[in-house]
Amino acid sequence: MSIKSGHRLQYIVQTIQSTPLRTASHDVWQPPTDVYETDTEIIIKVDIAGVEEGDMEVTIEDGLLRVHGYRTDCSAFSKLAIHRMEISCGEFETQVYLPHAVNTDANIDCVYKNGMLTITLPKDITHKVPIAVD
């Protein structure tokens with residue numbers, strides 16, 4: 010894989026963000042997350058298939074959006090051997106620094122459908138006031 014020098018730091022940050030966070034007591038996995046921006050909105054999509062609606066929360070504080078929750082153990086059944094295990098379970102978290110100020114007083118839309126959480130945030134659009142010169 011070739012990485013252009015201007016994108017190297019972004020690649021390193023994304024690589025670090027895509028690995029589970031480790032603590033002394035447990036692992037926290039980070040779900041795949043996409044961030045899009047239009048003229049009027051910021052759209053965040055988080056892939057958290059299998060998470061029950063009541064097992065997740067979304068918070069916004071100081072320009073940081075946080076999605077935190079828990080996916081029930083995928084391997085709760087009895088097994089003799091694991092041949093392949095790529096689906097993360099347990100506690101998860103993803104954090105997104107919002108690329109633009111958002112209007113938290115407006116309607117923030119959160120929809121969980123087909124395993125995808127879509128959060129739509131209206132931008133805080135500042136209107137410029139023209140200054141008359143005499």
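In our numbering, the protein residues as written are 10 to 143.
Even for Gly, the Cβ is constructed at its ideal location relative to N, Cα and C.
None of the values given here were measured: they were computed from a predicted structure.
- The residue from Ile91, Thr135, Ala141, Asp36 with its alpha-carbon nearest to that of Gly78 is Asp36.
- Rounded to whole angstroms, the separation of the alpha carbons of Val111 and Ile91 is 45 Å.
- Here the alpha carbons of Glu62 and Ile128 stand approximately 14 Å from one another.
- Unbroken beta strand (DSSP E) stretches of 3 residues or longer found wholly inside the region 71 to 113: 73 to 80, 99 to 106, given in chain order.
- Counting of Cβ neighbours within 10 angstroms places Thr103 among the buried residues, the total reaching 16 or more.
- In this structure, DSSP gives Asp118 an extended state, which the three-state scheme calls strand.
- Taking a contact as a CB-CB distance under 8 Å, the pair Leu130 and Ile51 counts as one, their CB atoms being some 5 Å apart.
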